[in-house]
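Asks: Quick one: this structure, given as structure tokens, is what I'll be asking you about.
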Amino acid sequence: MLIGVSVGLVIGVIPGLGGIAGLSLLIPFLYGMDEISALAMLIGLVAVIPTSDTFSSVLMGIPGSSASQATVLDGFPLARQGQAARALSAAFISSMFGGIFGAVVLTGFVVIARPLILSFGSAELFMLALFGLSMVAVLAGRSLAKGLAACCVGLIIGSIGGAPATGEFRMIFGLDYLYDGIPLVIVGLGFFAIPEIADLLRKNAAISQGNALGSGWFQGLRDWWANIWLSMRCAGLGCIIGAIPGLGGSVVDWIAYGHAVQTVKKDPNFGKGDIRGVVAPESANNAMQGGALLPTMLFGIPGSGSMAVFLGGMVLLGIEPGPSMVGPDLDITYSIIWSLALANVMGAGICLALAIPISKLTQIPFQRLAPFMIVLICFAAFQATRSLADLVALLSLGVLGVLMKRFGWPRPALLIGYVLAPQAETYFYQAMQFYDWGFVTRPGVIIIAVMTVASVYFGLRNRVDDTGQALPTAEDVALLPNAAARRPQILFAGLIAVILGVALEDSLHHSLLGQVFPLSVAIIGLVMTLILIPQLMRGEPGHAAHFDAELSSDYAGQEGIGNLWGGLAWIAGLVGLTALIGFYAALLLFFPVFLIRRAKAGLLATALMTAGAAGVILVLAWALSLNFPTGYLQDAADLPWPFR
């Protein structure tokens, strides 16, 4: 278990890899192992990744995995306020509690959960997808029209590729890369990591604006205890969502975050550094692992992507998932469950021990950290499909993410739409096929529909977005009576309308079943942009739709603030070099140029940091059997690894 936990800690800290890569690494070592020891090693890794991925989410504003995306919204602002250790410790304690809670629930329900899980049909799963989309009401922020339009763009991106009902390929534009859709890791890093790197680079300062240690990890423990009931509710949500195949870790943290926003009444400060915005998703994402083990063990149906690999490990060990797991193999079932609980305690303990020293990273000038992060993000993004197009897609979505952040368009709303698009479309078609429109009268559908309506009602009253504003008053909103000042916002809203228009036009070329989902989404999105654009053009004083970070943010117009596109230009330079000479050779050139030109580092420091980065990437690629992107000249010269 300690081996599994240790590997999981390393994998979790590296943005974009996650549980699938880690479990795939351990699978070859299972041959000849005792089955309980092997399962403990796998569970150790599965349990700790949602804990260790918090490091990059809090310290760098980069989601460590899909399960920690919501943690960024409040964890990263806390780190920038000099309270990184507080945020990390609260996250680790919440993660440990969530993991133990999940194991306890799994222990009690492993026998009686079978009929409950079997009662969920495609109609109920479709309604659960809609319930997840209802979180957009919480995350729509300043302008509901912007939030819904952003969600529609996410749904469109999520529907790229094959249509679930007919197999028709939509919005591929002749590009082979788009046949399987854009991978989650590319979308997550493009919309969250790239904008944060670009933003921090232009400020020429450390991530933290004060003492990086803040109140320390004891304060984080007190924060968790003060919000124990919130943590317990979110852990319960995590168990329920994890037990339903298909939803899994990509949405559980958003639902938990939305629940926190809806239910917290005392001094809400979500988006600006509210510790409850860390406690809620971290409690849920670890508890989700316990829930995801239920369908995996009882039915052989993986509750998430990492559970699919775990299922393969069980089969490799000769353990057959199914009813026998609550019969003759019940001892193996409980070994798995309590390995999960112990691994969470072990992982949280190790992370807590590392929290304070690692939080000191936030005091390092960001120019020195940036090249490491840029290289690591590009390397992780390439592993999605191992195509150079991964890096092009990352850069393209990064440009869109930077503009969304500048103009106050809620990126979490887009991400929820992207994650839930395939599930919502697939389950809707299945529900129509099995039940026709009669599915709306099923008891489970009605119950979830009532929950969804309640979620929308409370969400509209407590909206937040990643800019940290919730339903601003006239005094909070920038006054932009000048038409020239409003023009960039209007042009960007027009760009979103063009994207939705292209999706609408493409959908008209498909059959009814292939077009109904993207067509409906595109029409709704276009209606929202048609509502929004006149609001931006009129320039009404204090209107919530107006937001431009270049004019109204706390550093607008300050001395020493760099260009908005400077960070993106460096990332584009690395991608271009990679396409020409290959990733490893590009790394060896990119690092010294960046450190000397941008970070003003000395020659010795540049040489040491370049050698360190090259060594770490080399060891990482060798240990995890990962590939480097190759370049045109590299392929022509047929160079050996690692330059190949």
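So for the sequence shown, the working numbering puts the first residue at 816; every next one is plus one. From the three backbone atoms N, C-alpha and C, an ideal C-beta is built for every residue, glycine too. Predicted, not measured: the structure shown is a model, and the values here were computed from it.
1. Does the Cβ of A1452 have 16 or more other Cβ atoms within 10 Å, making it buried, or fewer, making it exposed?
2. Report all residues from its chain with a CB closer than 6 angstroms to the CB of R1037; omit the five preceding and five following residues, and keep chain order.
3. Between T922, A1246, A1208 and S1335, which lies nearest to M1112 when the distance is taken from Cα to Cα?
4. Which of the three DSSP states is assigned to R985 in this structure?
5. Does the beta-carbon distance from L1167 to S1440 come in below 9 angstroms?
6. So, at 7 angstroms on beta carbons, what are the nonlocal neighbours of S1326 in its own chain, with the 5 sequence-adjacent residues on each side left out?
7. Under a Cβ-count criterion, where at least 16 other Cβ atoms within 10 Å of its own Cβ denotes burial, should H1324 be classed as buried or exposed?
8. Start and end of the alpha helix (DSSP H) containing I1140?
9. Decide if I1179 is buried, meaning its Cβ has at least 16 other Cβ atoms within 10 Å, or exposed.
10. Can you tell me which of A1416, L1418 and A1400 puts its alpha carbon nearest to the alpha carbon of Q1449?
11. Over what stretch of residues does the alpha helix (DSSP H) that includes K961 continue unbroken?
12. If you follow the alpha helix (DSSP H) that T866 is in, where does it begin and where does it stop?
13. Is it true that the CB of P1303 sits closer than 9 angstroms to the CB of L1319?
14. By DSSP, does G996 sit in helix, in strand, or in coil?
15. Is R1183 close to chain D? Criterion is C-beta to C-beta, closer than 9 angstroms.
16. Can you give me the Cβ contacts of P1096 inside the same chain, cut-off strictly under 6 angstroms, excluding the 5 residues immediately before and after it?
17. Give every residue of the same chain whose Cβ lies closer than 7 angstroms to the Cβ of V1000, excluding the five residues on either side of it in the sequence, and list them in chain order.
18. For M1161, which of V861, L993 and K1080 has the nearest alpha-carbon?
19. Do you know offhand how far P865's Cα is from S910's?
20. Which whole-angstrom value describes the C-beta separation of A902 and L1132, a residue pair presumed to lie in contact below a C-beta threshold of 8 angstroms?
21. If you follow the alpha helix (DSSP H) that T1445 is part of, which residue opens it and which one closes it?
22. For G1088, is the classification buried or exposed, using 16 other Cβ atoms within 10 angstroms of its Cβ as the cut-off for buried?
23. Does the beta-carbon of Q1350 have 16 or more other beta-carbons within 10 angstroms, so that it is buried, or is it exposed?
24. Enumerate in chain order the residues of its own chain whose CB-to-CB distance from N1026 is below 7 angstroms, with the five nearest sequence positions on each side excluded.
25. Specify, as a first and last residue, the run of the alpha helix (DSSP H) that D889 falls within.
26. For V873 and A1107, I'd like the C-alpha separation in whole angstroms.
27. Report back the beta-carbon spacing between V1390 and L1184 to the nearest angstrom; my notes put them in contact at under 8 angstroms.
28. Would you check whether the ligand NAD has a heavy atom nearer than 8 angstroms to the C-beta of L1389?
29. How would you label Y1233, buried or exposed, when you count the other beta carbons within 10 angstroms and need 16 or more for buried?
30. Is the CB-CB distance between I858 and I1151 below 9 angstroms?
31. Keeping to the same chain, check which residues put their C-beta closer than 6 angstroms to that of E1240; ignore five residues upstream and five downstream.
32. So A1102 and F844 are in contact, right, with Cβ under 8 angstroms, and what is the actual spacing, rounded?
33. Assuming contact is defined by CB atoms lying nearer than 9 angstroms, are A1337 and I987 in contact in what I supplied?
34. By how many angstroms is the C-alpha of A1050 removed from the C-alpha of N1100?
35. For V1066, I'd like the list of residues in its chain whose CB is within less than 6 angstroms of its CB, leaving aside the five on either flank, ordered along the chain.
36. What residue range does the alpha helix (DSSP H) around W1504 cover?
Replies: Let's see:
1. exposed
2. none
3. T922
4. strand
5. no
6. T981 and E983
7. exposed
8. The amino acid at residue 1140 is misidentified as Ile; the sequence shows Met. Element bounds for M1140: n/a, residue is neither H nor E.
9. exposed
10. Ranking A1416, L1418 and A1400 by CA distance to the CA of Q1449 puts A1400 first.
11. K961 -> alpha helix (DSSP H) spans L959 to G973.
12. That run of the alpha helix (DSSP H) goes E850 to S867.
13. no
14. coil
15. Here chain D cannot be found, since the structure has a single protein chain.
16. These residues qualify, in order along the chain: A885, T886, D1068, A1071 and Y1072.
17. Taking C-beta separations shorter than 7 angstroms and ignoring five residues to either side along the sequence, the partners of V1000 in its chain run G831, A1195, A1196 and A1199, following chain order.
18. V861
19. 8 angstroms
20. Wrong, their Cβ atoms sit about 38 angstroms apart, outside the cutoff.
21. Counting along the chain, T1445 falls outside any alpha helix (DSSP H), and DSSP gives it neither H nor E.
22. With 16 or more other CB atoms across the displayed protein chains lying within 10 angstroms of its CB, G1088 is buried.
23. Counting Cβ neighbours within 10 Å, Q1350 comes out buried, since at least 16 surround it.
24. Here the model assigns N1026 a pLDDT of 49, short of 50, so the residue's position is not dependable and the matter cannot be decided.
25. T886 to R895
26. Spanning the two alpha carbons is a distance of roughly 25 angstroms.
27. Between L1184 and V1390 the Cβ distance is about 19 angstroms, and since that is not below 8 angstroms, they are no contact.
28. The model on display carries no ligand, and the ligand NAD is accordingly not part of it.
29. buried
30. Taking 9 angstroms as the Cβ cut-off, I858 and I1151 qualify as a contacting pair.
31. Only P979 and F1332 meet the Cβ criterion.
32. Not confirmed; about 28 angstroms, so no contact.
33. Note that the C-beta distance between A1337 and I987 is not below 9 angstroms.
34. Rounded to the nearest angstrom, the two C-alpha atoms are 8 angstroms apart.
35. Cβ-Cβ distances below 6 angstroms link V1066 to G947 and V1234 in the same chain, with the five nearest sequence neighbours on each side left out; the list follows chain order.
36. Any property of residue 1504 remains undetermined from this structure, which presents the chain solely from 816 to 1459.
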